[in-house]
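As structure tokens, the structure follows; a few thoughts come after it.
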Amino acid sequence: MEQKKHTVIQQVERLVDMGHVKRNACVVRHVTRLVFSPGAGPSQTAGSKQAAWAESKSWYDLINNPDVSVSQLRELRARVVLEQASGSSLLVLHDITECDFSKHAAMSEKMEIGDHHGTGYEYHPCVAWDFDERRFVGVLHDTVISALGPDDVGVADYDSDPALKHVTAEERQRLLLNHRHQLATHIRYLATQAANRHLTHVADREFDDVLAMAAAREVGAGFVFRCLGNRNVRLETGEDVDMASLIASLPMRPYKSLGLDARGHVAYGKNRPKRVASLSIGACRVFFFRPCTRGERRNITLEEPLGVHLVVIRELEAPNGEKPLCWLLFTSLPIDTQERQARAAAYYEQRWRIEEYFKLLKSGGFDVEKSHFTHPDQFAKVLVFYSLAAMALLTMKQDLGLQAIGSLPPEQYEKVRHAMPCDAPMTLKWSPCSCCLPSWYAVEDGWDAAPIPSVQPSSCVASYN
Numbered sequence: 007m008e009q010k011k012h013t014v015i016q017q018v019e020r021l022v023d024m025g026h027v028k029r030n031a032c033v034v035r036h037v038t039r040l041v042f043s044p045g046a047g048p049s050q051t052a053g054s055k056q057a058a059w060a061e062s063k064s065w066y067d068l069i070n071n072p073d074v075s076v077s078q079l080r081e082l083r084a085r086v087v088l089e090q091a092s093g094s095s096l097l098v099l100h101d102i103t104e105c106d107f108s109k110h111a112a113m114s115e116k117m118e119i120g121d122h123h124g125t126g127y128e129y130h131p132c133v134a135w136d137f138d139e140r141r142f143v144g145v146l147h148d149t150v151i152s153a154l155g156p157d158d159v160g161v162a163d164y165d166s167d168p169a170l171k172h173v174t175a176e177e178r179q180r181l182l183l184n185h186r187h188q189l190a191t192h193i194r195y196l197a198t199q200a201a202n203r204h205l206t207h208v209a210d211r212e213f214d215d216v217l218a219m220a221a222a223r224e225v226g227a228g229f230v231f232r233c234l235g236n237r238n239v240r241l242e243t244g245e246d247v248d249m250a251s252l253i254a255s256l257p258m259r260p261y262k263s264l265g266l267d268a269r270g271h272v273a274y275g276k277n278r279p280k281r282v283a284s285l286s287i288g289a290c291r292v293f294f295f296r297p298c299t300r301g302e303r304r305n306i307t308l309e310e311p312l313g314v315h316l317v318v319i320r321e322l323e324a325p326n327g328e329k330p331l332c333w334l335l336f337t338s339l340p341i342d343t344q345e346r347q348a349r350a351a352a353y354y355e356q357r358w359r360i361e362e363y364f365k366l367l368k369s370g371g372f373d374v375e376k377s378h379f380t381h382p383d384q385f386a387k388v389l390v391f392y393s394l395a396a397m398a399l400l401t402m403k404q405d406l407g408l409q410a411i412g413s414l415p416p417e418q419y420e421k422v423r424h425a426m427p428c429d430a431p432m433t434l435k436w437s438p439c440s441c442c443l444p445s446w447y448a449v450e451d452g453w454d455a456a457p458i459p460s461v462q463p464s465s466c467v468a469s470y471n
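Structure below.
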């Protein structure tokens, strides 16, 4: 029975242009292979011993082909992602994961990672997320950071920040490895790639950076960044205060309840909540007026104080022995009503969705750290193919007509878990042949089989509509 083509494959077929019809066909074939056979190598999906060698050679030749560049593949992926996006606005989730190749002796240009506990590469993707549909859209852009620096230097302009005009050439070279500088550069670059979309960038504390916020404002993008909490800011009254004093005096209103795991983190996926935190929310406008830093360069002065909104979500009364939850968010979004404050908080609560993508790339599916390729350029090409396949895997619930958020109810889970290529026709949207893919994902613990708990770990994501 012929497998139903996934939308991602159809779009790749239509948009691919690698300069030759055979290269185009090769790209489409390997995207298809990864979509319908995740976790399997090219030889495993070939179907015969004779075809196994040819399929493996095709894959290695494609990755090693100098006429198929990383930038070409990334441009193809960006076009597919933007066509997948249904709305005019997107969240862009930022984070960095480390790819450990300490035991891969042949891998070249490795750098120290994990606080010098290993060697390998860093991977910085910019993941598009549709907030209204609660849907993974795809990777708009990414970069592999090796000892050579970010591999997108020739595409994204790392020298365009006007605040760094007095930085020396030597300092600029070191800044290429600075995560906050990478974020600011990607914000500017994505504004040109998705000119017809309004982007709101979401990032955790390691990206708390005044210059990145200034970059978002410069290109007309929004942002929600979690704050480190050790800043001094200026209020609209002109008073300069430290964050601790401001938080203590800020008026708070009841917000919602949230399930937390044993570490005090938001419980999601298979993590069951250990306790329920009752949260309150408050907000005000603040200004950054002090000189900022970038890497080793200190006393970078802004032309004028940068005004942003501070949203505080905190647990006012935590149980004895438990650390109270407290999120401090800097945002460009309006905060004049509690509903708008809640929307900014809900945007930040989507940030963990990028962890699903990282899990799929690493331990939960593609095992990128077991790659046999030996150069960061090759590795970057492989990641483009994996990220295209991830678009199909991470949107599977919606494609199958299942609920998008939280654990699957037992009856839905059983439908997916026991789906096999030759079984009787399913009641799901995909053809029976295609159900081998969600069956694999269910068996790999991509979805939980347990009944939905009374306190949903993902309620923090679904609470704002």
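According to my numbering, the sequence shown is numbered sequentially starting from 7.
Glycine residues also receive a C-beta, built at the ideal position from the N, C-alpha and C atoms.
Bear in mind the structure is a predicted one, so any value in this text is a computation, not a measurement.
(request) Note down the Cα distance separating Ser108 from His122, rounded to an integer number of angstroms. (result) 11 Å
(request) Go to Asp248, then tell me how far its beta strand (DSSP E) extends in each direction, as first and last residue. (result) 246–248
(request) May I ask you to report which of helix, strand or coil DSSP gives Trp59? (result) helix
(request) Report buried or exposed for Asp167, applying the criterion of at least 16 other Cβ atoms within 10 angstroms of its Cβ. (result) buried
(message) Check this for me: beta carbons of Arg80 and His147, under 8 Å apart or not?
(response) yes
(message) DSSP has Asn70 in a bridge; who is on the other side?
(response) According to DSSP, Asn70 bridges with nothing at all.
(request) Decide if Val33 is buried, meaning its Cβ has at least 16 other Cβ atoms within 10 Å, or exposed. (result) buried
(message) I want to know whether the segment 151–161 touches the segment 209–217 - three or more CB-CB distances under 8 Å.
(response) no
(request) Note the first and the last residue of the continuous beta strand (DSSP E) segment covering Pro382. (result) Per DSSP, Pro382 belongs to no beta strand (DSSP E); it is in the alpha helix (DSSP H), 382–399.
(request) Pick helix, strand or coil for Phe364, following the three-state DSSP scheme. (result) helix
(request) Measure how close the beta-carbons of Val292 and Val314 come, nearest whole angstrom, since I'm counting them as under 8 Å. (result) 6 Å
(request) Would you identify the three-state DSSP class for Ala283, choosing helix, strand or coil? (result) strand
(request) Rounded to whole angstroms, what's the CA-CA distance from Glu115 to Leu182? Just pull it up for me. (result) 15 Å
(request) Please state if the CB of Ala395 and the CB of Leu40 are separated by a distance shorter than 8 Å. (result) yes
(request) Enumerate, from N- to C-terminal direction, the unbroken beta strand (DSSP E) stretches of 3 or more residues contained entirely within the segment 64–121. (result) 95–100, 103–106, 117–119
(message) Judging by CA-CA distance, which residue of Ile287, Arg140, Ala58, Ala162 is the nearest neighbour of Met402?
(response) Arg140
(request) Assign Thr38 to one of three DSSP states: helix, strand, or coil. (result) helix
(request) Give me the Cα-Cα distance between Cys439 and Trp59, rounded to the nearest whole angstrom. (result) Note that Cys439 scores 37 on pLDDT, short of 50, meaning its location in the model is unreliable and no value can be drawn from it.
(request) Have a look at Gly120 and Trp358 and give me their C-alpha separation to the nearest angstrom. (result) 20 Å
(message) Less than 7 Å separating the Cβ of Trp333 from some heavy atom of the ligand COA?
(response) In the structure on display, the ligand COA does not appear, and there are no ligands present to speak of.
(message) Quick check: what's the CA-CA separation for Gln56 versus Gly124?
(response) 39 Å
(request) Would you check if the segment 261–272 and the segment 347–362 touch, i.e. whether three or more CB-CB distances between them fall below 8 Å? (result) yes
(request) Look at Lys365 and Glu375 and say whether their C-beta atoms are less than 8 Å apart. (result) no
(message) Could you pull the DSSP bridge partners for Trp135 from this structure?
(response) Leu97, Phe142
(request) Note the first and the last residue of the continuous alpha helix (DSSP H) segment covering Glu224. (result) 216–225
(message) Please state the DSSP three-state secondary structure of Ser437.
(response) The pLDDT assigned to Ser437 is 37, lower than 50, so where the model puts this residue is not dependable, and the model offers no usable value.
(request) Name the residue from Val390, Ser64, Tyr164, Ala283 whose alpha carbon lies nearest to the alpha carbon of Tyr363. (result) Val390
(message) Could you tell me the alpha carbon to alpha carbon distance between His204 and Glu224, rounded to whole angstroms?
(response) 13 Å
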